[in-house]
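Asks: Supplied in structure tokens, the structure appears directly below.
Numbering (the numbering used here), first residue to last: 131 to 290.
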């Protein structure tokens with residue numbers, strides 16, 4: 131069961147990545163002194179085609195000094211200030227034995243995970259704002275270096 135928890139998101143990521151058009155790929159650098167609990171990271175994504183499904187991938191870059199195996203995020207998607215979706219999610223960055231799930235050499239690790247298990251479809255053309263706040267106990271979370279999202283078009287909803 132534990133293995134399935136890690137393999138299923140990775141398989142979904144592979145399915146999302148195969149031969150699709152990328153419409154957005156941005157990172158925000160986290161300051162060296164850490165990600166403050168009051169700091170909101172946001173990405174403004176222009177969506178013009180409402181007839182297709184989109185795969186959204188959350189991207190993490192952290193160093194090996196990151197103090198936890200996971201990262202709780204408060205997430206929201208809005209358009210024109212109207213909330214379309216919000217939730218709280220726990221992303222696993224490391225295994226209980228201390229091994230990091232992400233790729234990389236040395237102290238920097240990179241990891242991509244699906245935003246949701248299913249593809250997203252946007253009903254209205256416009257600029258969608260994806261916002262993220264860390265939901266960890268620390269007021270200032272250290273060890274994260276960059277945080278981003280990547281969005282691609284999919285051929286149908288089963289690909290995401």
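Glycine is no exception: its CB is placed at the ideal position from the N, C-alpha and C atoms.
Taking only runs of the beta strand (DSSP E) that begin and end inside the segment 177-208, which ones reach a length of at least 3 residues, in chain order?
Replies: Runs found: 183-193.
Asks: Decide if residue 201 is buried, meaning its Cβ has at least 16 other Cβ atoms within 10 Å, or exposed.
Replies: The residue you call residue 201 lines up with position 71 of the chain shown. By the 10 Å Cβ count, residue 201 comes out buried.
Asks: Could you tell me how far apart the beta carbons of residue 154 and residue 251 are, in whole angstroms, since I believe they sit closer than 8 Å?
Replies: Here residue 154 refers to the residue found at position 24 when the chain shown is read from its first residue. Here residue 251 refers to the residue found at position 121 when the chain shown is read from its first residue. Their Cβ separation, rounded to whole angstroms, is 15 Å, which puts residue 154 and residue 251 out of contact at 8 Å.
Asks: From what residue to what residue does the beta strand (DSSP E) around residue 155 run?
Replies: Position 25 of the chain shown holds residue 155. Its beta strand (DSSP E) spans residues 152-159.
Asks: Measure how close the beta-carbons of residue 295 and residue 259 come, nearest whole angstrom, since I'm counting them as under 8 Å.
Replies: As shown, the chain starts at 131 and ends at 290. That puts residue 295 outside it, with no answer to give.
Asks: Answer with buried or exposed for residue 245, where buried requires no fewer than 16 other C-beta atoms within 10 angstroms of its C-beta.
Replies: For this step, residue 245 is matched to residue 115 along the chain shown. Its Cβ being crowded by 16 or more others within 10 Å, residue 245 is buried.
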